[in-house]
Ligand code: HEC
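In my numbering, the protein residues as written are 62 to 333.
Printed below as a string of structure tokens:
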């Protein structure tokens, strides 16, 4: 014979089971559309809705096109790069740029931006020397553009860096260029100028630390024997930059390239 206690327990258990089952069922039958699957709800039976005309998705309005592209429409009809940043440069911006540069650019361009980073030392095509005359005279948005679209052998960094970060890196490149081309005239009057060589000695750094930055003999430089085969404007690199020595920057030696395509077979003369 069931006791009142047992009856109460059975009722609670039944109610609990119904409650749990109800929850499960609700989770199974979610009111949602599955991608690419049809529906009876809309007259065209498509669950994916076309974009509403003349609207922009929230957060997708790219009003400042210079900020996103790095180019402006020039009067001549061509897009032009500009030597300006779309937002004010602060120390925070430069520090952010330095941090991102050291992560993403130094493997090829090195920390000082001379284009002889660790990957280049192991055989990658020498990256641009950001401190040479050509790169220094480029407008700042050129760097943004290169990071956004890539350049020759260099991949683009648009997936890794947001537009704001790309501009910060571009700003930092300017600071780097100044640091690598500074003269004693740039130092505030009265400030003591210390030579890199003396600093290196004082810190016990190896001899040659302050000397020219050379690629190891084992590095494979990818300069094409014929400059016209290279990426425009990049080969031979570092013209006239005494701080950087690049083995292949001189005129190429006689061609001993075994990978050269064989000469085309000579067609037999007709009539012989
Ligand atoms: C994987 C190697 C690699 C990385 C990483 C890399 N670059 Fe480059 N970069 C190159 C190479 C190689 C070139 C020269 C292109 C050529 O000659 O084909 C170059 C050229 C450039 C140039 C010169 C373009 C010109 O007009 O002469 C700029 C500016 C530049 N890189 C900026 C950057 C910045 C900024 C980053 C970091 C976001 C970066 N690079 C990361 C390999 C790299």
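We put the CB at the ideal spot given by N, CA and C, even for glycine.
Near ligand 1: residue 186 beta-carbon under 7 Å from a heavy atom: In this structure, ligand 1 has a non-hydrogen atom nearer than 7 Å to the beta-carbon of residue 186.
As assigned by DSSP and simplified to three states, the class of residue 113: Residue 113: coil per DSSP, three-state reduction.
Residues bridged to residue 212 [DSSP beta-bridge criterion]: For residue 212, DSSP records a beta bridge to 215.
Pairwise C-alpha distance: residue 122 and residue 114: Within the model, the alpha-carbon separation for residue 114 versus residue 122 is close to 14 Å.
Selection from 132, 233, 278 and 228 that minimises the alpha carbon distance to residue 404: Nothing about residue 404 can be read from this structure; the chain reaches only from 62 to 333.
Residue 99 in three-state terms, based on DSSP: The answer is strand: DSSP assigns residue 99 an E or B state.
Residue from 89, 68 and 276 whose Cα sits closest to the Cα of residue 184: Checked all of 89, 68 and 276; the closest Cα to residue 184 is 276.
Length of the line joining the Cα atoms of residue 240 and residue 96: A straight-line Cα-Cα distance of about 54 Å links residue 240 and residue 96.
Validate contact between the region 159-176 and the region 190-197 using beta carbons, cut 8 Å, 3 pairs: With contact defined as three or more Cβ pairs closer than 8 Å, the region 159-176 and the region 190-197 are in contact.
Distance cut-off 7 Å: residue 131 Cβ against heavy atoms of ligand 1: Flag unset: Cβ of residue 131 not near ligand 1.
Straight-line gap, residue 93 to residue 105 (C-alpha atoms, nearest Å): Whole-angstrom Cα-Cα distance: 17 Å.
Distance cut-off 7 Å: residue 189 Cβ against heavy atoms of ligand 1: Placement of the Cβ of residue 189 at a distance of less than 7 Å from at least one heavy atom of ligand 1 is found.
Cβ-heavy atom distance, residue 237 to ligand 1, below 7 Å: Relative to ligand 1, even the nearest heavy atom lies 7 Å or more away from the CB of residue 237.
Option nearest residue 155 by Cα separation, candidates 231, 130 and 198: For residue 155, the nearest C-alpha among the options comes from 231.
Span of the alpha helix (DSSP H), counted from its first residue to its last, around residue 140: Run containing residue 140: none in the alpha helix (DSSP H); it sits in the beta strand (DSSP E), 140-142.
Top-ranked residue by Cα proximity to residue 364, from 250, 221, 204 and 112: Absent from the structure is residue 364, since the part of the chain shown begins at 62 and ends at 333.
Any non-hydrogen atom of ligand 1 closer than 7 Å to residue 213 Cβ: Of the heavy atoms belonging to ligand 1, at least one sits nearer than 7 Å to the Cβ of residue 213.
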